[in-house]
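In the working numbering, each residue carries its 1-based index in the sequence shown increased by 324.
Built from N, CA and C at the ideal position, the CB exists for glycine as well.
Just below is one structure, and these are the notes that go with it.
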Amino acid sequence: MDRRGFIVGATATLGAVAAKAAPTTRKEIKVERLVADDAPPRNRRPYADVDWSKSILINTTSHGHCLNQTMLDTYLKHGFGLMTISNYYPSAPYVPGKGMAVGHYLVHHDFPVMVNGKRTGGPFDWSKIVSEWSEELPPELRKSLPFKVGEPMFPKWPEGILEAPNAEHHGFRLANGRHAGSLHMCAPGSAFKSGTFDAHDKFKTKSHGYEYGSGEFWGTAVDRLIGGLIVKDGGGVTINHPTWTNLRRDLLLDILDWDPRVLGIEVLESGVNSEHYWDWALATGRQCFGFFVPDWGLKNDIFGVNVLVVPERTVEACLRAYRKGNFYGANRGYGELRFTKLSFDGKFVTAETDKPARFEIKTARGVVKEATGTSVVWEMIPRGSSRGPHVDIFARVKATAADGCGEQLYSQPFMLF
Numbered sequence: 325m326d327r328r329g330f331i332v333g334a335t336a337t338l339g340a341v342a343a344k345a346a347p348t349t350r351k352e353i354k355v356e357r358l359v360a361d362d363a364p365p366r367n368r369r370p371y372a373d374v375d376w377s378k379s380i381l382i383n384t385t386s387h388g389h390c391l392n393q394t395m396l397d398t399y400l401k402h403g404f405g406l407m408t409i410s411n412y413y414p415s416a417p418y419v420p421g422k423g424m425a426v427g428h429y430l431v432h433h434d435f436p437v438m439v440n441g442k443r444t445g446g447p448f449d450w451s452k453i454v455s456e457w458s459e460e461l462p463p464e465l466r467k468s469l470p471f472k473v474g475e476p477m478f479p480k481w482p483e484g485i486l487e488a489p490n491a492e493h494h495g496f497r498l499a500n501g502r503h504a505g506s507l508h509m510c511a512p513g514s515a516f517k518s519g520t521f522d523a524h525d526k527f528k529t530k531s532h533g534y535e536y537g538s539g540e541f542w543g544t545a546v547d548r549l550i551g552g553l554i555v556k557d558g559g560g561v562t563i564n565h566p567t568w569t570n571l572r573r574d575l576l577l578d579i580l581d582w583d584p585r586v587l588g589i590e591v592l593e594s595g596v597n598s599e600h601y602w603d604w605a606l607a608t609g610r611q612c613f614g615f616f617v618p619d620w621g622l623k624n625d626i627f628g629v630n631v632l633v634v635p636e637r638t639v640e641a642c643l644r645a646y647r648k649g650n651f652y653g654a655n656r657g658y659g660e661l662r663f664t665k666l667s668f669d670g671k672f673v674t675a676e677t678d679k680p681a682r683f684e685i686k687t688a689r690g691v692v693k694e695a696t697g698t699s700v701v702w703e704m705i706p707r708g709s710s711r712g713p714h715v716d717i718f719a720r721v722k723a724t725a726a727d728g729c730g731e732q733l734y735s736q737p738f739m740l741f
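Below you can see the structure in the form of structure tokens.
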């Protein structure tokens, strides 16, 4: 079955799964799409158009919070060349960073919110709104009214650093109307905004009907994220921290199948490893890119960096690298080890690094080859080969620096068939 065959015209069928996925008995629900169903499938052979001899490597991440200059300096220490700060409460981008101030969206909330179950357009004057029930608030919170914009968040914003919109969205609902648990999604390159400042209902906004997050069916929210992409063929949606959320695997597949602009899942997040989710999704035959993020864990040894492989230093090139899968993951991001080549020519998977490394080639069977040095080549087993049954489905490369610095690199997966 076509991975996108469940999407017909302007509608999608919730609950469809790809050919190799487990069967489902869930009720199919028709949902009207908000964006054109015209995106090509995820790139099954990333790096195919990369000229490694001329490419630029740009450190960034798809999910990293940054609230002040000290936090920004940590990203810069890791060599970041593209900032896509994933703000939430509300889920609204901090772009341009140089102009952001504490409390900006308390005063300048100009986007829709779900109010008593209905999507309601902004702007919202939170000082006026909250004052209507201020007697319900403790004295220390009443003193904060009216809300004001504070000091600049980043007084030393670096000149020349690239920026793109992004935010962490949450508070989704399932198709049956129930909350979707702790499902969170980001979308580097999307200017879409959702939710309010009052996630924990300190100011009683949720008690008075204002949804703190998206408040919509997750598929509708994904469409809104896609509709907010600033580059049509660049950027996309990520499914955040699947291990932390204990993400249901059927829901993971549903979200991946919703639209190919849902790019994949976080594999490393605040030091938590979700490779088991990644390999399971890939073994169904779906391309699923892996993302490497610090989230809030800026002080962790394992930081999580996406290294974009781009032909030029522009926002557009960076976002297109995300869409194509032309990036790899690093668990530290200090440049202590770099891939200098990644390729799959239909027969051989090849990887090269700038320093000696311990390589692992992993497929649906597990680790199928190990090597030490600055390169590795693995020959896939052809379909129907006498050497054994075809069970590989995908291949990806993991490289660990041989000098003991702790850096590990992760290629994007090659889908073998």
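Quick check: residue 429 and residue 417, are their CB atoms within less than 8 Å of each other?
Translated into the one-based positions of the sequence shown, residue 429 becomes position 105. Translated into the one-based positions of the sequence shown, residue 417 becomes position 93. The answer is no: Cβ separation not under 8 Å.
Please name the residue or residues paired with residue 311 in a DSSP beta bridge.
It is not possible to answer for residue 311, since the shown part of the chain is limited to 325 through 741.
Sequence-distant residues of the same chain with beta carbon closer than 7 Å to residue 599, five excluded per side
Within the sequence shown, numbered from 1, the residue matching residue 599 stands at position 275. Close CB contacts of residue 599 within its chain, under the 7 Å cut and outside five residues either way in sequence, are with 591 (chain order).
Going by alpha carbons, who is nearest to residue 537 out of 569, 657, 423, 439?
Your numbering for residue 537 matches position 213 in the sequence shown. Cα-wise, what sits closest to residue 537 is 439.
Supposed contact pair residue 610 and residue 540 - C-beta distance, whole angstroms, cut 8 Å:
Reading the sequence shown from its first residue, position 216 is the one you call residue 540. Reading the sequence shown from its first residue, position 286 is the one you call residue 610. Separation of the CB atoms of residue 540 and residue 610 is rounded to 24 Å, and the pair is thereby denied contact status at 8 Å.
Quick check: what's the CA-CA separation for residue 474 versus residue 529?
Stepping through the sequence shown from its first residue, residue 474 is reached at position 150. Stepping through the sequence shown from its first residue, residue 529 is reached at position 205. Near 22 Å, if we compare the C-alpha coordinates of residue 529 and residue 474.
Spatial neighbours of residue 548 within its chain, please: CB distance less than 7 Å, with the 5 preceding and 5 following residues excluded, ordered by chain position.
Locating residue 548 in the sequence shown gives position 224, counting from the first residue. Taken in chain order, the residues that qualify are 358, 516.
Under a Cβ-count criterion, where at least 16 other Cβ atoms within 10 Å of its own Cβ denotes burial, should residue 715 be classed as buried or exposed?
Position 391 of the sequence shown, counted from the first residue, corresponds to residue 715. Exposed, since its Cβ has fewer than 16 Cβ neighbours within 10 Å.
Counting Cβ pairs closer than 8 Å, one from the segment 376 to 383 and one from the segment 632 to 648, do we hit at least three?
yes
Any chance you could list the beta strand (DSSP E) runs of at least 3 consecutive residues sitting entirely within the segment 560 to 634, in chain order?
561 to 563, 586 to 593, 613 to 617, 629 to 634
Would you kindly work out how many angstroms separate the C-alpha atoms of residue 504 and residue 495, rounded to a whole number?
On the sequence shown, position 180 is the one that residue 504 refers to. On the sequence shown, position 171 is the one that residue 495 refers to. Rounded to whole angstroms, the gap between the alpha carbons of residue 504 and residue 495 is 7 Å.
Please go through the same chain and pick out, in chain order, the residues whose beta-carbon is closer than 7 Å to the beta-carbon of residue 628, but skip the five residues on each side of it.
As a working mapping, residue 628 is identified with position 304 in the sequence shown. Here the set comprises 385, 592, 593, 616, 617, 618, 655.
Whole-angstrom distance between residue 701 and residue 653, CA atom to CA atom
As a first step, residue 653 must be located in the sequence shown, where it is residue number 329. As a first step, residue 701 must be located in the sequence shown, where it is residue number 377. Between residue 653 and residue 701, the C-alpha separation is close to 20 Å.
Residue 719 - DSSP class collapsed to helix/strand/coil
Translated into the one-based positions of the sequence shown, residue 719 becomes position 395. It is a strand residue.
Check whether residue 567 and residue 437 have beta carbons under 8 Å apart:
One-based indexing of the sequence shown puts residue 567 at position 243. One-based indexing of the sequence shown puts residue 437 at position 113. No; because the gap between Cβ atoms is not below 8 Å, this pair is not in contact.
Taking the alpha carbon of residue 376 as the point to measure from, which residue in 634, 391, 649, 464 has its own alpha carbon closest?
Reading the sequence shown from its first residue, position 52 is the one you call residue 376. It is 634.
Considering only DSSP beta bridges, list what residue 428 is partnered with.
Position 104 of the sequence shown, counted from the first residue, corresponds to residue 428. Its beta-bridge partners do not exist; DSSP assigns none.
Output yes if chain D places a C-beta closer than 8 Å to the C-beta of residue 600; else output no.
Absence of chain D from the displayed structure is noted, only one protein chain being present.
Grouping DSSP H, G and I as helix and E and B as strand, with all else coil, what is residue 466?
The residue given as residue 466 occupies position 142 in the sequence shown. Reduced to three states, the DSSP call for residue 466 is helix.
Does the count of Cβ pairs from the segment 365 to 373 and the segment 657 to 673 closer than 8 Å reach three?
yes
By Cβ distance below 8 Å, which residues in the same chain neighbour residue 393 in space, the five residues on each side in sequence not counted?
Along the sequence shown, one-based indexing puts residue 393 at 69. Excluding sequence neighbours, residue 393 sits near 477, 478, 479, 480.
For residue 385, write down the residues that DSSP places opposite it in a beta bridge.
Along the sequence shown, one-based indexing puts residue 385 at 61. For residue 385, which the question treats as bridged, DSSP gives no partner whatsoever.
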